[in-house]
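Trainee:
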RNA sequence: GGCGGGUUGGCGGAGAGGUUACGCAGCGGAUUGCAAAUCCGUGAAGACCGGUUCGAUUCCGGUACCCGCCUCCA
């Protein structure tokens, strides 16, 4: 069996991956808060962990891997966005607006991530559907002395968990020292974080022994991973920005609620994304959603290829130049594998690269080697492990067919050009050549004669003008 | 201030203590009436300063610069 090595953020080193149960490999990745379109930074963990999911399925069998990614659909930002909509004239009750907003956003998320070639996780729990489990977990934590209720809030007693700070490498005292920590009056300690908070009448809320309220962000992932994957599972992933406080808090909650479970065995964090060398931000004007890039004409497969060109643990830069190169490479490869039956399994070199801490850039180099060696069947099978060159994603690279009239005209003009060349009327021949290019007809001269295909900007009127 | 990541050839970007990364661009050649496409070949690197070593871009330390987190922004 393939040996997979992964960098475990918690251990701060690369480790051999040994699933708790090889017949039931379990992975949890933090999903989006659904109040707006996913931006291109949100897409990075989706693509990274999609490749890991594919690799795990390849190594352990598709039926032996469970991938869970949540939707956070109860959150202050969602409430704020819904309030904006109401202020802008939406007459529905706030809860109805919120439901419509989160439903629509989830639909967008699915469409956008599908376009990037990401497989849907096995389970995509919505936080609002697991409130009961969250309340039960909070009650359990209170019962064990790790949490306390005060003024309608429930807070986690950070000092009660001695391992707090281990994942992110911080001590509680350091954190307090440097810190702009909100010291709410109901907190015993400044570091304590919210498990449950009160909700106003018009905002979404659930009844509990602490009054009507809603869960804090961190408890969602602890409760849902417990319900769907158990008290211990193999991999927990997410962006490095979530390492603290979100993942640290998840660990504290889960380890205190289920001391024997161990929670996630391996923690993986992807580094962040920049745009043209700068942090993506609305003020710099370099803020893009995935949908923006798709609408600009960047095919999802091209976006995916750009992301896979940089190792997940390194900062990645999105640039137009990279997109251009990725598109050219994929177009070339798609030409090579068109109509080819993929090999029964991916090339060992590609598997080896991915098994070495998800070295996607190395895997792409191996794909180049396969393409160079003419192993198109191997290329196709291996690219599939990266979610590339899939039949269903290739629409963008397909050459547009010409209708019969246009095809006949192109053939006629090509014949005219051949005659002009034969007659050494190079002015006429070159005029036709330039005309084809301007009309969006790509002509390739081969020893067997001229071949042609249509570019995306094919213009029949310009072609007609060449007569 | 605390914690963490990064710095590789013109550009992007990997691995490995000693032997070609790879891709794009460039250059040379084949092919072509000239091109395009294609094919063949090729130069070019390791932020800076020390240390360990027979030998370091690869290990260790320091410096500079960049980035992230410490604020429920992936």
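In our numbering, the protein residues as written are 61 to 527.
Glycine included, every Cβ here is placed at the ideal spot set by N, Cα and C.
Measuring only the C-alpha atoms, how far is residue 270 from residue 445?
Mentor: Counting from 1 along the first chain, the entry for residue 270 is found at position 210. Counting from 1 along the first chain, the entry for residue 445 is found at position 385. C-alpha separation (whole angstroms): 49 Å.
Trainee: Among residues of its own chain, excluding the 5 on either side of residue 67, which ones have a beta-carbon nearer than 8 Å to its beta-carbon?
Mentor: Translated into the one-based positions of the first chain, residue 67 becomes position 7. Contacts found: 73, 74, 75, 328, 373, 417.
Trainee: Mind checking residue 126: buried by the 16 CB within 10 Å criterion, or exposed?
Mentor: Counting from 1 along the first chain, the entry for residue 126 is found at position 66. So residue 126 ends up on the buried side.
Trainee: May I have a chain-ordered list of the beta strand (DSSP E) segments no shorter than 3 residues that lie completely inside the segment 154-227?
Mentor: If we require 3 residues or more, the beta strand (DSSP E) runs fully inside the segment 154-227 come out as 207-210, 213-216.
Trainee: Relative to the C-alpha of residue 70, which residue among 175, 331, 228, 266 is closest?
Mentor: As a working note, residue 70 is residue 10 in the first chain. Cα-wise, what sits closest to residue 70 is 228.
Trainee: Under 8 Å by Cβ, that's how I've got residue 368 and residue 100 pegged, so tell me the actual separation to the nearest angstrom.
Mentor: Numbered from 1 along the first chain, position 308 holds the residue referred to as residue 368. Numbered from 1 along the first chain, position 40 holds the residue referred to as residue 100. Not quite, the Cβ-Cβ distance comes to about 14 Å (not below 8 Å), so this is no contact.
Trainee: Quick one: using the 10 Å Cβ neighbour count with 16 as the cut-off for buried, is residue 341 buried or exposed?
Mentor: On the first chain, position 281 is the one that residue 341 refers to. With fewer than 16 Cβ atoms within 10 Å of its Cβ, residue 341 is classed as exposed.
Trainee: What's the call for residue 141, buried or exposed, on a 16-neighbour Cβ count within 10 Å?
Mentor: Locating residue 141 in the first chain gives position 81, where the first residue counts as 1. Label assigned to residue 141: buried.
Trainee: Would you mind reading off the limits of the alpha helix (DSSP H) that contains residue 469?
Mentor: Locating residue 469 in the first chain gives position 409, where the first residue counts as 1. Residue 469 -> alpha helix (DSSP H) spans 464-482.
Trainee: Return helix, strand or coil for residue 295, following the three-state DSSP convention.
Mentor: Position 235 of the first chain, counting from 1, holds the residue named residue 295. Residue 295 falls in the strand class under three-state DSSP.
Trainee: Verify whether the separation of the beta carbon atoms of residue 178 and residue 350 is less than 8 Å.
Mentor: In the first chain, residue 178 corresponds to position 118, counting from 1. In the first chain, residue 350 corresponds to position 290, counting from 1. No, Cβ-Cβ distance for residue 178 and residue 350 is not below 8 Å.
Trainee: Measure the C-alpha to C-alpha separation of residue 207 and residue 324 and round it to an integer number of angstroms.
Mentor: Along the first chain, one-based indexing puts residue 207 at 147. Along the first chain, one-based indexing puts residue 324 at 264. Distance between the alpha carbons of residue 207 and residue 324: 21 Å.
Trainee: Buried or exposed: residue 278, going by 16 or more other Cβ atoms within 10 Å of its Cβ?
Mentor: The sequence position of residue 278 within the first chain is 218, counting from 1. The residue is buried, with at least 16 neighbouring Cβ atoms inside 10 Å.
Trainee: Considering only C-alpha positions, which residue in the set 331, 469, 428 is nearest to residue 103?
Mentor: The sequence position of residue 103 within the first chain is 43, counting from 1. Of the listed residues, the one whose Cα sits closest to residue 103 is 331.
Trainee: With three or more C-beta pairs closer than 8 Å as the rule, is the segment 248-255 touching the segment 209-217?
Mentor: With the cut-off at 8 Å, the segment 209-217 and the segment 248-255 touch.
Trainee: Once DSSP output is grouped into helix, strand and coil, what is the label at residue 120?
Mentor: By 1-based counting over the first chain, the position of residue 120 is 60. Three-state result, residue 120: helix.
Trainee: Suppose you measure from the CA of residue 470 to the CA of residue 382; what does that come to, to the nearest Å?
Mentor: Numbered from its first residue, the first chain carries residue 470 at position 410. Numbered from its first residue, the first chain carries residue 382 at position 322. Distance between the alpha carbons of residue 470 and residue 382: 34 Å.
Trainee: When we look at the beta-carbon of residue 130 and count the other beta-carbons within 10 Å, is it buried (16 or more) or exposed?
Mentor: Locating residue 130 in the first chain gives position 70, where the first residue counts as 1. Residue 130 should be labelled buried.
Trainee: So, residue 442 versus residue 404, is the Cβ gap smaller than 8 Å?
Mentor: Counted from its first residue, the first chain places residue 442 at position 382. Counted from its first residue, the first chain places residue 404 at position 344. In this structure, residue 404 does not lie closer than 8 Å to residue 442 by Cβ.
Trainee: For the alpha helix (DSSP H) containing residue 524, name the first residue and the last one.
Mentor: Reading the first chain from its first residue, position 464 is the one you call residue 524. Note, residue 524: alpha helix (DSSP H), 520-524.
Trainee: I think residue 115 touches residue 185, with their Cβ atoms under 8 Å apart; what is that distance to the nearest whole Å?
Mentor: For the purposes of this step, residue 115 is taken as the residue at position 55 of the first chain. For the purposes of this step, residue 185 is taken as the residue at position 125 of the first chain. The pair is not a contact, with the Cβ atoms about 23 Å apart (cut-off 8 Å).
Trainee: On the DSSP bridge list, what partners appear for residue 275?
Mentor: For this step, residue 275 is matched to residue 215 along the first chain. According to DSSP, residue 275 bridges with 256.
Trainee: Output yes or no for whether 8 Å exceeds the beta carbon distance between residue 263 and residue 154.
Mentor: Position 203 of the first chain, counted from the start, is the residue given in the question as residue 263. Position 94 of the first chain, counted from the start, is the residue given in the question as residue 154. In contact: residue 263 and residue 154 (Cβ atoms closer than 8 Å).
Trainee: Quick one: is residue 492 buried, meaning 16 or more other Cβ sit within 10 Å of its Cβ, or exposed?
Mentor: Mapped onto the first chain, residue 492 falls at position 432. Residue 492 should be labelled buried.
Trainee: Please report how far the alpha carbon of residue 96 lies from the alpha carbon of residue 146, in whole angstroms.
Mentor: Indexing the first chain from 1 puts residue 96 at position 36. Indexing the first chain from 1 puts residue 146 at position 86. One C-alpha to the other measures close to 16 Å.
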